[in-house]
């Protein structure tokens with residue numbers, strides 16, 4: 247593909263996700279925190295797709311100080327995302343709101359050996375259902 251051309255039928259993300267670390271070097275708690283961080287970022291991406299705007303430009307985020315990239319910054323991003331999440335159901339419906347909410351923290355109450363099943367039920371299925379509600383004439 248040439249620079250400046252985009253394949254609209256393929257996903258493109260500009261978010262910096264949590265860096266991957268070799269799984270053999272992580273303890274179970276560390277893996278769980280890495281998973282939680284990645285899912286929180288997915289929740290933020292889903293919010294931004296829902297509203298067509300960046301979280302960092304929202305009043306929910308701009309009211310907090312900025313510390314660059316790190317654990318403190320992540321806390322403020324997630325807090326802002328959880329506030330913004332309150333508007334999702336009205337904008338995109340209950341199913342989409344459930345998917346975003348689970349990504350932003352619902353998985354923390356899920357036993358570590360069941361998160362994939364829960365994610366499938368709470369995120370993948372609702373998003374698939376939302377996709378099914380889109381008009382069929384949308385061209386990608």
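In our numbering, the protein residues as written are 247 to 386.
In this text, a Cβ means the ideal position worked out from N, Cα and C, and glycines have one as well.
Residues of its chain near residue i, where Cβ-Cβ distance is below 6 Å and the 5 sequence neighbours each way are ignored
i	result
residue 363	none
residue 315	none
Cα-Cα separation, residue i to residue j
i	j	result
residue 277	residue 298	31 Å
residue 377	residue 322	30 Å
residue 312	residue 318	9 Å
Beta-carbon proximity check, residue i vs residue j, cutoff 8 Å
i	j	result
residue 346	residue 293	yes
residue 286	residue 349	yes
residue 310	residue 327	no
residue 320	residue 283	yes
residue 341	residue 375	yes
residue 344	residue 296	no
residue 281	residue 361	yes
Contact set for residue i: own chain, Cβ-Cβ below 7 Å, skip 5 residues either direction
i	result
residue 352	368
residue 330	293, 301, 304 and 306
residue 324	286 and 350
residue 263	Its pLDDT being 49, under 50, residue 263 is placed unreliably by the model, and the measurement read from it follows with that caveat. Answer for residue 263: 284 and 287, listed in chain order.
residue 354	282
Own chain residues within Cβ distance below 8 Å of residue i, not counting five before or after
i	result
residue 394	One cannot answer for residue 394 here, as it falls past the ends of the chain, which runs 247 to 386.
Assigned exposure category for residue i - 16 Cβ within 10 Å defines buried
i	result
residue 273	exposed
residue 290	buried
residue 372	buried
Cβ-heavy atom distance, residue i to the ligand MG, below 7 Å
i	result
residue 367	Summarising the ligand content, the structure contains no ligands, and the ligand MG is consequently not present.
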